[in-house]
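Residue numbers (this note's numbering), protein chains in the order written: chain A, 1 to 341; chain B, 342 to 726.
Here it is in structure tokens:
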């Protein structure tokens with residue numbers, strides 16, 4: 001295919017991606033070094049109130065926004081360098097915490113709190129998703145052919161459901177006197193308050209994520225299981241391999257590319273976890289990096305959006321994504337070079 | 342073919358595997374089933390700590406809302422008949438009545454008409470008939486299962502959830518149409534070109550797929566809010582403020598969706614043998630004609646599958662829609678986020694549950710109808726990627 005033809009086919013898509021992905025990315029990068037704020041002037045106002053024997057006068061300085069001819073506040077944009085990053089990272093407080101030996105107080109800062117939780121969340125759910133997905137795939141492969149369709153249908157439900165609603169449906173089982181909490185309270189004969197405990201919410205959020213992603217891993221592993229080489233399996237049996245050894249040395253190596261694929265997709269998606277925080281209303285206890293940016297973008301009580309701080313936190317989130325992607329890109333590049341020869 | 346003896350499993354293993362599967366199915370379906378049950382009960386029952394109270398709803402029944410044994414039997418019979426009819430008769434009617442080459446439109450119209458007909462029968466005629474029957478049959482007609490649809494009524498009619506539904510329809514329809522049109526062109530071009538440029542486009546798309554969406558929204562917000570001033574030199578006085586516009590959100594979602602769409606469509610196009618294009622080209626087609634008249638007709642399964650995933654992305658999105666749409670253009674998912682943040686009374690909470698079930702119901706139908714396509718879509722990217 002000639003370059004011109006390719007350009008006609010790919011043009012609209014590339015244009016959309018440039019305009020709505022590449023351009024915002026560049027503008028976020030610039031914004032993170034700038035601050036836009038209303039121009040204010042300080043005026044001295046003397047207010048006098050009538051009093052006994054002459055007036056009582058108070059002089060005070062007030063800051064008022066300067067309005068332009070349309071009556072809207074004027075704004076200026078200035079370069080502030082790394083100020084927004086410093087505000088997000090709060091390195092001086094981190095330094096103080098390290099110096100005084102109270103490392104725990106670092107986690108009181110939003111960004112570090114979010115980073116700690118996001119990383120734990122991503123790394124803990126990863127093996128669970130792969131293990132559960134593989135277990136379901138093996139079990140379904142074992143089940144009678146006639147009921148596989150129904151099982152796949154039921155298994156797809158948690159995957160297809162709107163993430164917030166999936167999180168909510170689990171929240172309603174646990175929060176307050178949800179039926180599962182009531183059951184646990186009966187069994188353990190104690191009072192449990194899920195919504196008040198950070199670690200309990202953290203567990204629920206991880207449970208939700210595994211519940212939501214395991215079907216995806218299952219479907220992919222199940223498709224992979226259909227192509228396992230039966231001859232290899234039979235020779236393994238003749239060589240006296242036990243059931244577990246066959247799984248360990250024949251099936252899992254066959255599925256390895258798929259396991260890596262699922263792991264990568266899961267790492268990317270879990271790292272940008274967001275809906276869990278909204279669904280479980282966990283912002284008082286646990287927040288994620290993407291939720292932090294979202295929260296800065298939401299208008300505060302005065303209607304202002306902290307765009308520059310949001311940009312800085314967004315760029316910091318990006319660093320994690322880049323680290324995650326480097327091994328993947330290196331592998332794809334090697335494959336491409338390999339296929340060219 | 343029977344399983345070789347060496348591969349046969351001991352009964353204990355088969356039992357363990359089957360019970361694990363049953364346990365998984367229970368965990369997978371239970372939360373969804375449970376919110377469906379809760380949404381039909383009065384608040385006291387819905388948030389009762391006793392599961393049996395939630396299922397049978399004594400308070401709801403005491404309020405006079407309930408189903409008798411007769412209601413349940415006849416209702417289930419009508420439901421089963423309707424489902425069977427949909428799977429056996431509906432395809433025949435659609436085939437017979439839709440004109441040549443318009444099968445998709447025929448299906449849309451047919452499914453829509455069927456849904457309306459079902460709603461009229463099930464919620465219009467049936468309750469009236471059963472009301473009469475219940476009063477005649479005595480003990481069989483006494484309510485045993487508490488059930489009320491009042492929360493759905495207050496969510497959809499009183500709180501205006503139908504408006505959010507309408508917005509969701511506009512946004513999802515726009516996203517699916519545009520991203521498929523743009524995506525099929527790009528997917529085809531990328532599948533048929535082995536050049537370095539195509540490779541780099543795919544790699545960059547892969548990087549874009551990994552971006553957190555909040556990063557992009559941080560880039561849109563200042564531009565969209567001030568777009569009237571920015572665009573005024575170009576468009577004059579009619580320059581629109583893009584913030585809050587469904588059209589702007591559609592464009593954004595299409596772009597966010599593009600990397601995924603072109604990767605998936607490309608892998609479907611690669612399944613179509615190259616010889617088909619070459620034959621068309623030998624017969625004198627241009628690249629575009631070959632694409633339109635030879636490749637597209639055999640590509641429909643791939644396009645439908647990709648369309649499903651585009652639909653899911655647009656329908657399920659919370660972050661982009663909640664930040665870029667204003668209150669009156671809100672879609673369903675951000676609207677429900679507003680519901681449970683309020684959390685003042687238990688009635689509010691049950692209404693949130695009803696809204697959640699309303700959002701889930703279309704997805705449930707989708708999996709029912711398109712299970713095969715969803716599975717093939719999930720595996721298409723993985724097996725080759």
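Even for Gly, the Cβ is constructed at its ideal location relative to N, Cα and C. Given the structure is predicted, the values throughout are model-derived calculations rather than measurements.
State the beta-bridge partners of residue 382 of chain B as determined by DSSP. Here residue 382 of chain B refers to the residue found at position 41 when the second chain is read from its first residue. DSSP, once it has assigned bridges, lists no residue as partnering residue 382 of chain B.
Should residue 34 of chain A be flagged as near chain B, meaning a C-beta pair shorter than 8 Å? Numbered from 1 along the first chain, position 34 holds the residue referred to as residue 34 of chain A. Residue 34 of chain A does not count as touching chain B.
Within this structure, are the beta carbons of residue 305 of chain A and residue 297 of chain A separated by less than 8 Å? On the first chain, position 305 is the one that residue 305 of chain A refers to. On the first chain, position 297 is the one that residue 297 of chain A refers to. Less than 8 Å divides the Cβ of residue 305 of chain A from the Cβ of residue 297 of chain A.
For residue 729 of chain B and chain A, any beta-carbon pair shorter than 8 Å? With chain B covering 342 to 726 only, the question about residue 729 of chain B has no answer from this structure.
Please go through the segment 424-487 of chain B and give each complete beta strand (DSSP E) segment of 3 or more residues, from N-terminal end onward. DSSP assignment within the segment 424-487 of chain B yields the following whole beta strand (DSSP E) runs of 3 residues or more, N-terminal first: 484-487.
Please compile the residues from chain B whose C-beta is within a distance smaller than 9 Å of the C-beta of residue 274 of chain A. As a first step, residue 274 of chain A must be located in the first chain, where it is residue number 274. Listed by position along chain B, the residues whose Cβ is nearer than 9 Å to that of residue 274 of chain A are 553, 554, 555, 659, 660.
Whose Cβ in chain B lies nearer than 8 Å to the Cβ of residue 277 of chain A? Here residue 277 of chain A is taken as the residue at index 277 of the first chain, counted from 1. Within 8 Å Cβ-Cβ: nothing; residue 277 of chain A doesn't reach chain B, min ~11 Å.
Along chain A, in chain order, which residues have C-beta atoms closer than 7 Å to that of residue 558 of chain B? Position 217 of the second chain holds residue 558 of chain B. Chain-order list of chain A residues neighbouring residue 558 of chain B: 297, by C-beta distance under 7 Å.
Taking the DSSP output, what are the residues bridged to residue 78 of chain A? Here residue 78 of chain A is taken as the residue at index 78 of the first chain, counted from 1. In the DSSP output, where bridge partners are listed per residue, residue 78 of chain A has A/35.
Three-state secondary structure (DSSP) at residue 45 of chain A? One-based indexing of the first chain puts residue 45 of chain A at position 45. DSSP places residue 45 of chain A in strand when its eight states are reduced to three.
Give me the Cα-Cα distance between residue 708 of chain B and residue 165 of chain A, rounded to the nearest whole angstrom. Sequence index remark: in the second chain, residue 708 of chain B carries index 367 (1-based). Sequence index remark: in the first chain, residue 165 of chain A carries index 165 (1-based). If you take the alpha carbons of residue 708 of chain B and residue 165 of chain A, they lie about 16 Å apart.
For the alpha helix (DSSP H) that contains residue 200 of chain A, what are its first and last residues? Here the question's residue 200 of chain A lines up with position 200 in the first chain. Under the DSSP assignment, residue 200 of chain A falls in the alpha helix (DSSP H) whose first and last residues are 198-225.
Note the first and the last residue of the continuous alpha helix (DSSP H) segment covering residue 181 of chain A. The residue given as residue 181 of chain A occupies position 181 in the first chain. Here the alpha helix (DSSP H) through residue 181 of chain A covers 179-188.
Sorted by chain position, which residues of the same chain lie with C-beta nearer than 6 Å to residue 46 of chain A's C-beta, five sequence neighbours on each side aside? Numbered from 1 along the first chain, position 46 holds the residue referred to as residue 46 of chain A. Contacts found: 57, 59.
Taking residue 85 of chain A as the query, report the chain B residues whose CB atoms sit under 9 Å from its CB, ordered along the chain. Indexing the first chain from 1 puts residue 85 of chain A at position 85. None at all; the shortest Cβ gap to chain B is about 14 Å.
Residue 62 of chain A bridges to which residues according to DSSP? Mapped onto the first chain, residue 62 of chain A falls at position 62. A/43, per the DSSP bridge assignment.
According to the Cβ coordinates, are residue 345 of chain A and residue 126 of chain A closer than 8 Å? Because chain A here runs from 1 to 341, residue 345 of chain A falls outside it and cannot be looked at.
So, helix, strand or coil for residue 518 of chain B, using DSSP? Start at 1 with the first residue of the second chain, and residue 518 of chain B comes out as number 177. For residue 518 of chain B, the three-state secondary structure derived from DSSP is helix.
What in chain B is Cβ-close to residue 305 of chain A, meaning under 7 Å? As a working mapping, residue 305 of chain A is identified with position 305 in the first chain. Result: 562.
Please determine, among B/674, B/628, B/516, the residue with the shortest C-alpha to C-alpha distance to residue 657 of chain B. Within the second chain, numbered from 1, the residue matching residue 657 of chain B stands at position 316. It is B/674.
Please report the straight-line C-alpha distance between residue 62 of chain A and residue 48 of chain A, rounded to a whole angstrom. Working through the first chain from its first residue, we reach residue 62 of chain A at position 62. Working through the first chain from its first residue, we reach residue 48 of chain A at position 48. A direct Cα-to-Cα measurement between residue 62 of chain A and residue 48 of chain A gives close to 15 Å.
If I'm right that residue 16 of chain A touches residue 599 of chain B with Cβ under 8 Å, what's the distance once you round it to whole angstroms? Looking up residue 16 of chain A in the first chain gives position 16. Looking up residue 599 of chain B in the second chain gives position 258. Their Cβ separation, rounded to whole angstroms, is 6 Å, which keeps residue 16 of chain A and residue 599 of chain B in contact under 8 Å.
Can you check whether the CB of residue 513 of chain B is closer than 8 Å to the CB of residue 655 of chain B? Here residue 655 of chain B is taken as the residue at index 314 of the second chain, counted from 1. Here residue 513 of chain B is taken as the residue at index 172 of the second chain, counted from 1. Judged by beta-carbon spacing, residue 513 of chain B lies within the 8 Å limit of residue 655 of chain B, meaning their Cβ atoms are closer than that value.
For residue 50 of chain A, three-class secondary structure by DSSP: Here residue 50 of chain A corresponds to residue number 50 of the first chain, with the count starting at 1. It is a strand residue.
Quick one: what's got a C-beta closer than 8 Å to residue 293 of chain B's C-beta in the same chain, skipping five residues either side? A question about residue 293 of chain B goes unanswered here, because the residues of chain B that appear run from 342 up to 726.
Using only alpha-carbon positions, find the residue among B/468, B/588, B/400 that is nearest to residue 485 of chain B. Stepping through the second chain from its first residue, residue 485 of chain B is reached at position 144. Comparing Cα positions, the closest option is B/400.
Please confirm if residue 172 of chain A has its CB atom under 8 Å from at least one CB of chain B. The residue given as residue 172 of chain A occupies position 172 in the first chain. It does; some Cβ of chain B falls within 8 Å.
Same chain, Cβ closer than 7 Å to residue 695 of chain B, five either side skipped, listed in chain order: Position 354 of the second chain, counting from 1, holds the residue named residue 695 of chain B. In the same chain as residue 695 of chain B, and ignoring 5 residues on each side of it, the C-beta atoms closer than 7 Å to its own belong to 380, 492, 493, 496, in chain order.
Alpha carbon to alpha carbon, what distance is there between residue 531 of chain B and residue 635 of chain B? Walking along the second chain from the start, residue 635 of chain B turns up at place 294. Walking along the second chain from the start, residue 531 of chain B turns up at place 190. Separation of residue 635 of chain B and residue 531 of chain B (C-alpha to C-alpha, rounded to the nearest whole angstrom) is 17 Å.
Where the segment 149-171 of chain A meets chain B: residues whose CB sits under 9 Å from a CB there: Residues are counted here when their Cβ sits less than 9 Å from a Cβ of chain B; for the segment 149-171 of chain A these are 149, 150, 151, 152, 153, 154, 155, 156, 157, 158, 159, 160, 161, 162, 163, 164, 165, 166, 168, 169, 170, 171, given in chain order.
Chain B residues whose Cβ lies nearer than 9 Å to that of residue 211 of chain A: The count along the first chain starts at 1 and reaches residue 211 of chain A at position 211. Neighbours of residue 211 of chain A on chain B, chain order: 368, 369, 372.
Here's the rule I'm using: 16 or more other beta-carbon atoms within 10 Å means buried, otherwise exposed. How should residue 280 of chain A be labelled? Within the first chain, numbered from 1, the residue matching residue 280 of chain A stands at position 280. With 16 or more Cβ atoms within 10 Å of its Cβ, residue 280 of chain A is classed as buried.
Nearest to residue 154 of chain A by CA position, among A/170, A/136, A/168, A/35, is which residue? As a first step, residue 154 of chain A is located in the first chain; it is residue number 154 there, counting from the start. For the residues A/170, A/136, A/168, A/35, the minimum Cα distance to residue 154 of chain A belongs to A/136.
Just how far apart, CA to CA, sit residue 565 of chain B and residue 662 of chain B? As a working note, residue 565 of chain B is residue 224 in the second chain. As a working note, residue 662 of chain B is residue 321 in the second chain. Going from the Cα of residue 565 of chain B to the Cα of residue 662 of chain B covers about 13 Å.
Beta carbons nearer than 9 Å to chain A: which residues of the segment 529-540 of chain B have them? From the segment 529-540 of chain B, only 529, 530, 531, 533, 534, 535, 536, 537, 538, 539, 540 have a Cβ closer than 9 Å to chain A.
What residue range is occupied by the uninterrupted alpha helix (DSSP H) comprising residue 141 of chain A? Locating residue 141 of chain A in the first chain gives position 141, where the first residue counts as 1. Where residue 141 of chain A is concerned, the enclosing alpha helix (DSSP H) starts and stops at 110-142.
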